[in-house]
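Structure record follows, encoded as structure tokens.
Chains as they are written, first to last, in this note's numbering: chain F, 2 to 560; chain U, 165 to 415.
This is the structure:
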């Protein structure tokens with residue numbers, strides 16, 4: 002009998018055990034504006050297979066003023082999960098509204114969904130109606146040279162006009178550096194109707210400057226042209242604001258301040274190894290987080306101590322917008338025992354409080370094993386250095402400068418290459434040298450070829466005598482004509498015969514001009530030279546002028 | 165009387181000059197970098213800049229957080245003395261700890277940095293003139309080239325050939341500048357409203373190219389090119405102390 006009841010209990014027990022259900026819900030957006038549409042998602046996880054829910058909408062009783070309807074469900078066959086989706090519109094009055102619990106009826110079981118709370122607030126920026134507008138968000142205070150100001154443009158839309166994009170953000174601001182990070186930094190607003198675009202602004206000089214920011218937002222006006230397309234338009238925006246910039250005050254400025262401006266916090270130091278041996282390098286990673294000009298911060302210098310040799314390791318450049326800056330130090334323990342990493346203090350200027358603040362990285366306990374060397378000396382910071390290799394003298398940090406007294410320096414470091422006298426004097430010398438070379442070469446060439454000048458001179462003399470002959474012919478001066486022709490023939494024939502012109506006779510001219518008429522030549526020579534001996538006049542020669550001119554031309558062509 | 169006053173003045177100068185030099189170093193040692201900087205700047209304005217003085221001013225500027233000024237001082241110190249240890253350590257420290265970027269030097273730039281730009285130019289000029297005269301003078305004199313002339317020709321031609329990479333390296337080294345503003349946008353176009361491609365920070369050393377419309381084409385240490393406002397850069401060559409970029413206060 003007992004065995005029978007035990008078997009019966011074993012069969013009945015599973016049917017009596019209730020499946021455990023887990024119900025969660027999410028409202029988007031979490032806080033709604035008055036009259037803002039929202040979406041409610043109820044997720045149910047069960048130990049049993051759920052399947053589709055039936056008649057979900059019938060059991061929901063939304064509070065007064067709230068519209069809510071069941072818009073669909075997600076489930077899979079033989080799955081233990083289901084998601085119920087609801088669409089609603091928040092009430093017009095602000096407050097907290099409770100949606101009473103209801104039952105979700107599945108084929109296998111009924112799941113009780115607990116009460117759901119909806120918060121309606123007028124501070125969400127949600128607008129049911131109205132034009133899309135852009136707002137500039139910048140701190141309202143005095144700025145400081147070198148600080149990084151995180152600003153943003155909030156483009157708020159409404160149910161009528163939603164902002165779907167932005168482009169062409171431009172800034173005109175003398176004395177500021179403006180930087181954006183592209184479309185990746187355009188984030189949708191929580192209500193889904195607008196966008197926010199962030200930018201960084203860095204003042205680079207003191208004084209009062211005007212900040213002018215303009216851009217264009219892409220607005221969807223909601224006028225549906227067809228079921229597949231909606232109408233949109235570009236809407237420009239522009240902001241002008243006068244900003245006051247000052248230098249970080251020198252009063253109370255700590256000596257170790259390295260240009261840091263902002264509200265920064267130190268995170269707990271991260272040590273690569275808390276149980277090193279003597280001489281074993283370990284990495285100490287210090288990270289600053291917060292808002293400020295993290296990229297501009299100079300890493301604090303840490304002097305070594307009896308316990309530690311410290312060197313600043315090269316850091317990787319941080320990406321903009323990470324909001325953190327990490328310094329890595331290489332620490333080498335010099336002595337064994339329980340040591341602590343040095344406390345590192347970091348000065349920063351808080352632009353809100355207008356005071357310098359100290360950020361402190363706490364020390365970390367380290368247990369160092371091994372033996373202290375007889376002479377503690379930092380050999381190398383490079384863990385991959387070969388054992389026994391001579392240690393290179395490392396230059397870490399800044400060296401102490403020494404300035405010699407009374408040394409005369411230069412007012413301006415100008416390269417010799419920029420010196421005008423240097424190039425002028427060199428150019429003048431080069432031109433002179435080239436000119437001298439040219440002159441000497443030309444003179445030398447004529448000296449080596451004297452016939453060039455002799456023939457040139459002969460051509461000139463021949464032309465002069467020809468002109469004189471023409472002149473004499475015009476005057477009907479036969480004797481002068483014959484003399485000029487004779488001199489022209491002698492001057493033209495002399496270089497060809499390599500003789501002096503005055504020594505030539507008509508037979509010599511015939512050697513230079515074999516085709517010439519000897520009778521005519523003789524007559525001309527007689528008329529020229531024979532007048533003093535009582536010869537007949539040269540009227541005949543003038544009559545033969547064409548032949549004589551032809552002789553002169555032939556001679557000139559041969560020169 | 166005037167001679168007496170002159171002698172007195174010289175004595176006073178001789179006594180105070182070393183003291184003033186010591187004042188700067190002492191102020192630096194005790195961490196008063198503003199005092200050290202003022203002392204050294206006054207010394208530089210009075211006597212001109214030297215490599216040691218520029219390196220010291222660079223250290224003080226760095227300690228005060230002026231990365232751009234410090235890098236300018238160190239780079240200029242290296243122009244005057246290519247192996248100045250303080251300036252070399254400063255630049256190395258700035259690249260490591262300070263996160264500043266500096267273009268890796270090419271072989272010709274390393275070669276040029278061995279002697280300095282001026283010395284390379286002098287050697288190049290000597291080589292050029294020696295070669296030219298050794299070739300031309302025998303021709304002008306219409307005499308064959310003698311032994312000594314040939315030696316001079318070979319020596320001068322070798323010197324000239326060796327100076328060419330030095331001169332080229334010095335030229336490329338000279339076309340560099342340091343970013344002086346805190347955060348500078350590198351733009352796609354040389355216009356005021358040009359699209360910002362990326363950024364470069366104060367103290368970064370950039371290679372500079374042609375100038376246009378108030379902008380200078382730069383190439384960063386990682387090889388990226390773009391346009392930067394010329395007023396945001398300070399060339400390494402052609403100055404003494406770093407220029408003051410702060411806006412003057414309105415009266």
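Glycine residues also receive a C-beta, built at the ideal position from the N, C-alpha and C atoms.
At a beta-carbon threshold of 9 Å, the residues of chain U lying near residue 411/F are 212, 213, 214, 244, 404, ordered along the chain.
One finds 297 in chain F with Cβ atoms closer than 8 Å to the Cβ of residue 366/U, taken in chain order. Between residue 416/F and chain U, the shortest Cβ-Cβ separation is below 8 Å. Among the residues of chain F, none has a CB under 7 Å from the CB of residue 225/U; the nearest is roughly 11 Å distant. Residue 258/F sits in coil when the DSSP states are folded into three classes, being neither helix nor strand.
Judged by their CB atoms, residue 50/F and residue 122/F are not nearer to each other than the 8 Å cut-off. Across the structure, residue 331/U and residue 150/F are spaced so that their CA atoms are roughly 45 Å apart. Taking a contact as a CB-CB distance under 8 Å, the pair residue 250/U and residue 400/F counts as one, their CB atoms being some 5 Å apart.
Exclusion of the five residues before and after residue 206/F leaves 146, 176, 246 as the residues of its chain whose Cβ lies within less than 8 Å of its Cβ. Residue-level contact by beta carbon fails for residue 421/F and chain U, as no gap is shorter than 8 Å. Annotation: the continuous beta strand (DSSP E) that includes residue 399/U extends over 397-399. The C-beta separation of residue 560/F from residue 489/F comes to about 12 Å, leaving the pair out of contact by the 8 Å criterion. DSSP lists no beta-bridge partner residue for residue 329/U. Proximity to residue 239/F across 172/F, 278/F, 283/F peaks at 172/F, based on C-alpha coordinates. Our two residues, residue 206/U and residue 271/U, have alpha carbons roughly 38 Å apart in a direct line. Nearest neighbour of residue 54/F by Cα position, chosen from 484/F, 459/F, 421/F, 108/F, turns out to be 108/F.
Just so you know, the alpha carbons of residue 363/F and residue 343/F end up roughly 8 Å apart. In the DSSP assignment, residue 23/F falls within the beta strand (DSSP E) that extends over 22-29. Looking at 249/F, 435/F, 410/F, 219/F, the one whose alpha-carbon comes closest to that of residue 236/F is 219/F. Close to residue 427/F, with beta-carbon spacing below 9 Å, are these residues of chain U in chain order: 289, 292, 293. In summary, residue 526/F is buried, with 16 or more beta-carbon neighbours lying within 10 Å of its beta-carbon over all protein chains present. By the rule that beta-carbons nearer than 8 Å mark a contact, residue 529/F does not touch chain U.
Here the C-alpha atom of residue 320/U lies approximately 7 Å from the C-alpha atom of residue 292/U. In the three-state reduction of the DSSP assignment, residue 42/F falls in the strand class. Between residue 24/F and residue 112/F, the C-beta spacing is below 8 Å. The beta carbon of residue 265/F sits closer than 6 Å to the beta carbons of 289, 291, 293, 349, 360 from its chain, once the five residues preceding and following it are set aside; these are given in chain order. Counting only runs of 3 or more residues that sit fully inside the region 49-124 of chain F, the beta strand (DSSP E) segments are 68-76, 82-90, 96-100, 103-106, 111-114, 117-121, in chain order. Beta-bridge partners assigned by DSSP to residue 359/F: 348/F. By the C-beta density criterion, residue 482/F is buried, having at least 16 other C-beta atoms within 10 angstroms.
Beyond the five residues adjoining it in sequence on each side, residue 368/U comes within less than 6 Å, by CB distance, of 264, 265, 343 in the same chain, given in chain order. Non-local C-beta neighbours of residue 354/U in its own chain, meaning closer than 7 Å and more than five positions away in sequence, comprise 376, 377, 379, 391, ordered along the chain. Residues of chain F with a Cβ closer than 7 Å to the Cβ of residue 257/U are, in chain order, 398, 399. Put simply, the region 224-238 of chain U does not touch the region 297-308 of chain U. Fewer than three CB pairs are less than 8 Å apart.
When secondary structure is reduced to three states using DSSP, residue 328/F falls in the strand class.
Taking CB atoms only, residue 342/U has no neighbour in chain F less than 8 Å away. For residue 238/U against residue 416/F, the beta-carbon gap comes to about 18 Å, at or over 8 Å, which does not count as contact.
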